[in-house]
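Student: Handing you this structure, nothing more for now.
What follows is the structure in C-alpha cells.
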C-alpha cells in the first residue's frame, strides 16, 4: 500500500477544535471516507486513527471496484467534552471549511459520531458531502445498505464454512447494537438465528430484550461460543490473544484487527475472518451508486449484493493459494491501484496549520 498523499490538521477558527483530513490515495478517483467525531486523548491518537481509516478506505473502494480513492476525516474532541447544539454547529462548519479546501479531491460522509443532519451542515460550506437527509434530496443514513452488504458477505462465508448460507438455528453474536448492528440483528432474527447482542450503552439492553434478543456484556461478547461473531462497534478488538470460540467472524466494524498478522493467527486457529473493508463496503457502494452515478434504489442495492460474489472469489483464491482472505483482498486492491495509477506510487505531504 502506498504512503498517504495528504494529511492536513487545522484548529477551527469558530470552535477551536482540531479537525483533520487524510487522503490516502486518489489513484482511482477522488478520495471518499466518513467524518468521525469523537474524543481522543491527544493529537497523535487522532492522527493515527485518520491515517489508518483512510488507508482502509482505499482498499475498500479498490476491492469493491469503485472509481474512487480512500480518505477520512476526524474531528478530535477533548475527552469528556460534550458539545452544545451551537458548539456542534461551529465545529461542523470549521470542518466544512477544511473539506472545501480540497476542492472535491476528498468527499465526506457520516461516520462514528456524525449523521445525515451533520452532512447537511457541511453542505452549507462545501458541496463535497454525501448522505444528507432524504428530505434534503440525499440518500440519508447508509446503515441499511451497510447491513445488506454484511449479510451478502455472510452468505458467502457461511456457505464456505457450513456448506449453506441458511442461518436458521445458528447462534450469532452481534457486538455493537448501533444502527448497523440493529439492522443485522433484526435481519438474522427473521432468518431464524439465535441472536445475542451487546453494546457499551447499557440502555440498549431493554430495547434488545424487548425484541426477543439475548444480551451479553461487551467485554464477554467476542468470546462467547457461537457459530458467527459479528463485530459491529469499534475497531482494534481482535488480537492474537482474543479467545474466540467461533469458526466465522464477519462484520462492519472498521479496523477490527490490532494488526494484519492477526489474520494469519486466526486462520491457524481455524477461524475464517472476512476482511472488514470488504464486508462493510455496502454503505459506500450504495451511496456512490445513488449520488455519484444516479442509479435508483434497486439498482444501487443490486450493486451492494455483489459483495457476496466478491467474498466468494476471495475465499476461493485464499484456498487455492493457501493464503488468507486478507492477503487476497490486499493483493486485489494492489493490482487495481497499480493499474489505475500512471506512476504506480505516491509521495506523502503533510501540513499542520494552527
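Numbering (my numbering), first residue to last: 519 to 872. By construction, the Cβ of each residue, glycine as well, lies at the ideal position given by its N, Cα and C atoms. On a predicted model such as this, the values are computed, not experimentally measured, just so you know.
Taking 8 Å as the threshold, find out whether the region 684-697 comes into contact with the region 728-747 through three or more Cβ pairs.
Tutor: yes
Student: Just the Cα atoms here: how many angstroms apart are residue 784 and residue 671?
Tutor: If you number the chain shown from 1, residue 784 lands on position 266. If you number the chain shown from 1, residue 671 lands on position 153. So the two alpha carbons sit approximately 18 Å from each other.
Student: Taking the alpha helix (DSSP H) that residue 832 belongs to, which residues open and close that run?
Tutor: By one-based count along the chain shown, residue 832 stands at place 314. That run of the alpha helix (DSSP H) goes 825-839.
Student: Do you know whose CA, among 651, 556, 584, 560, lies nearest residue 629's CA?
Tutor: The count along the chain shown starts at 1 and reaches residue 629 at position 111. Among 651, 556, 584, 560, the Cα nearest to that of residue 629 belongs to 556.
Student: Under DSSP, the alpha helix (DSSP H) around residue 572 begins and ends at which residues?
Tutor: For the purposes of this step, residue 572 is identified with residue 54 of the chain shown, where counting begins at 1. Taken as a continuous stretch (DSSP letters only), the alpha helix (DSSP H) holding residue 572 covers 561-582.
Student: Just to check, is the beta-carbon of residue 666 closer than 7 Å to a non-hydrogen atom of the ligand COA?
Tutor: Looking for the ligand COA in the displayed structure turns up nothing, as the structure carries no ligands at all.
Student: What does residue 624 pair with, by DSSP beta-bridge criteria?
Tutor: Residue numbering aside, residue 624 sits at position 106 when the chain shown is read from its first letter. Its beta-bridge partners are 549.
Student: Taking Cβ positions, are residue 585 and residue 625 nearer each other than 8 Å?
Tutor: Taking the first residue of the chain shown as 1, we reach residue 585 at position 67. Taking the first residue of the chain shown as 1, we reach residue 625 at position 107. Contact flag unset, no.
Student: Does residue 805 come out as helix, strand or coil in the three-state DSSP assignment?
Tutor: As a working note, residue 805 is residue 287 in the chain shown. Residue state for residue 805 is assigned as helix, using DSSP reduced to three classes.
Student: Are residue 589 and residue 526 closer than 8 Å when you measure CB to CB?
Tutor: As a first step, residue 589 must be located in the chain shown, where it is residue number 71. As a first step, residue 526 must be located in the chain shown, where it is residue number 8. No, the pair does not count as a contact, with Cβ atoms beyond the cut-off.
Student: Can you confirm whether the region 787-799 touches the region 568-582 when touching is taken to mean that 3 or more C-beta pairs between the two stretches lie within less than 8 Å?
Tutor: Yes, the region 568-582 touches the region 787-799.
Student: Along the chain, where does the alpha helix (DSSP H) that runs through residue 637 open and close?
Tutor: Indexing the chain shown from 1 puts residue 637 at position 119. Unbroken alpha helix (DSSP H) run through residue 637: 634-641.
Student: Within its chain, find whatever has a CB closer than 6 Å to the CB of residue 807; leave out the 5 residues flanking it on each side and keep chain order.
Tutor: By 1-based counting over the chain shown, the position of residue 807 is 289. 813, 818, 821.
Student: Are there 16 or more other CB atoms within 10 angstroms of the CB of residue 772, so buried, or fewer, so exposed?
Tutor: The sequence position of residue 772 within the chain shown is 254, counting from 1. Buried.
Student: Residue 542 lies in the beta strand (DSSP E); which residues open and close that run?
Tutor: Numbered from its first residue, the chain shown carries residue 542 at position 24. Looking at the DSSP string, the run of the beta strand (DSSP E) that includes residue 542 is 536-543.
Student: When the Cα atoms are used, what is the spatial distance from residue 486 to residue 583?
Tutor: Any question about residue 486 goes unanswered here, given that the chain covers just 519 to 872.
Student: Under a CB-based cut-off of 8 Å, is residue 790 close to chain B?
Tutor: This model lacks chain B altogether; it includes just one protein chain.
Student: Compare the beta carbon distance of residue 522 and residue 591 with 8 Å and say whether it is the shorter of the two.
Tutor: Against the chain shown, residue 522 aligns to sequence position 4. Against the chain shown, residue 591 aligns to sequence position 73. At the C-beta level, residue 522 and residue 591 stay beyond 8 Å of one another.
Student: Identify the continuous alpha helix (DSSP H) that holds residue 613 and give its terminal residues.
Tutor: By one-based count along the chain shown, residue 613 stands at place 95. Segment 603-619, the alpha helix (DSSP H) holding residue 613.
Student: Distance check for residue 558 and residue 759, CA to CA, integer angstroms please.
Tutor: For the purposes of this step, residue 759 is taken as the residue at position 241 of the chain shown. For the purposes of this step, residue 558 is taken as the residue at position 40 of the chain shown. A straight-line Cα-Cα distance of about 25 Å links residue 759 and residue 558.
Student: For the alpha helix (DSSP H) containing residue 664, list its first residue and its last residue.
Tutor: Taking the first residue of the chain shown as position 1, residue 664 is located at position 146. It spans 661-680 - the alpha helix (DSSP H) in which residue 664 sits, taken as one unbroken run.
Student: Who are the Cβ neighbours of residue 608 in its own chain at under 6 Å, not counting the five residues just before and after it?
Tutor: In the chain shown, counting from the first residue as 1, residue 608 sits at position 90. Taken in chain order, the residues that qualify are 532, 533.
Student: By Cβ distance below 7 Å, which residues in the same chain neighbour residue 775 in space, the five residues on each side in sequence not counted?
Tutor: Start at 1 with the first residue of the chain shown, and residue 775 comes out as number 257. Here the set comprises 756, 781.
Student: Kindly indicate which residue of 751, 752, 747 has the alpha-carbon position closest to the one of residue 768.
Tutor: For the purposes of this step, residue 768 is identified with residue 250 of the chain shown, where counting begins at 1. Nearest of 751, 752, 747 to residue 768, Cα basis: 747.
Student: Between residue 829 and residue 792, how many whole angstroms is the CB-CB distance? I'm expecting something under 8 Å.
Tutor: The residue you call residue 829 lines up with position 311 of the chain shown. The residue you call residue 792 lines up with position 274 of the chain shown. Correct: roughly 6 Å between the Cβ atoms.
Student: With DSSP as the reference, identify every bridge partner of residue 875, one or two as the case may be.
Tutor: Nothing about residue 875 can be reported from this structure: the residues present for the chain run from 519 to 872 only.
Student: Rounded to whole angstroms, what's the CA-CA distance from residue 786 to residue 704? Just pull it up for me.
Tutor: Sequence index remark: in the chain shown, residue 786 carries index 268 (1-based). Sequence index remark: in the chain shown, residue 704 carries index 186 (1-based). Roughly 32 Å separates the two Cα atoms.
Student: Is the beta carbon of residue 669 less than 8 Å from the beta carbon of residue 707?
Tutor: Along the chain shown, one-based indexing puts residue 669 at 151. Along the chain shown, one-based indexing puts residue 707 at 189. Not in contact: residue 669 and residue 707 (Cβ atoms no closer than 8 Å).
Student: Indicate whether residue 745 and residue 688 have their beta-carbon atoms separated by less than 8 Å.
Tutor: Residue mapping note: residue 745 aligns to position 227 of the chain shown, counting from 1. Residue mapping note: residue 688 aligns to position 170 of the chain shown, counting from 1. With contacts defined by Cβ atoms closer than 8 Å, residue 745 and residue 688 form a contacting pair.
Student: Alpha carbon to alpha carbon, how far is residue 709 from residue 765?
Tutor: By 1-based counting over the chain shown, the position of residue 709 is 191. By 1-based counting over the chain shown, the position of residue 765 is 247. For residue 709 and residue 765, the gap between their C-alpha atoms comes out near 19 Å.
Student: Give a yes or no on whether the C-beta atoms belonging to residue 699 and residue 715 are separated by under 8 Å.
Tutor: One-based indexing of the chain shown puts residue 699 at position 181. One-based indexing of the chain shown puts residue 715 at position 197. Cβ distance < 8 Å, so residue 699 and residue 715 count as in contact.
Student: Per DSSP, what kind of secondary structure is residue 743 in: helix, strand or coil?
Tutor: By one-based count along the chain shown, residue 743 stands at place 225. The answer is strand: DSSP assigns residue 743 an E or B state.
Student: Name the one or two DSSP bridge partners that residue 647 has.
Tutor: Translated into positions along the chain shown, residue 647 becomes position 129. Paired residues: 626.
Student: Under the DSSP definition of a beta bridge, which residues are partnered with residue 591?
Tutor: Taking the chain shown and counting its residues from 1, the one referred to as residue 591 is at position 73. By DSSP's assignment, residue 591 forms a beta bridge with 539, 553.
Student: Beta-carbon within less than 8 Å of residue 761's beta-carbon, same chain only, minus the 5 sequence neighbours each way: which residues are those?
Tutor: Numbered from 1 along the chain shown, position 243 holds the residue referred to as residue 761. Around residue 761: 741.
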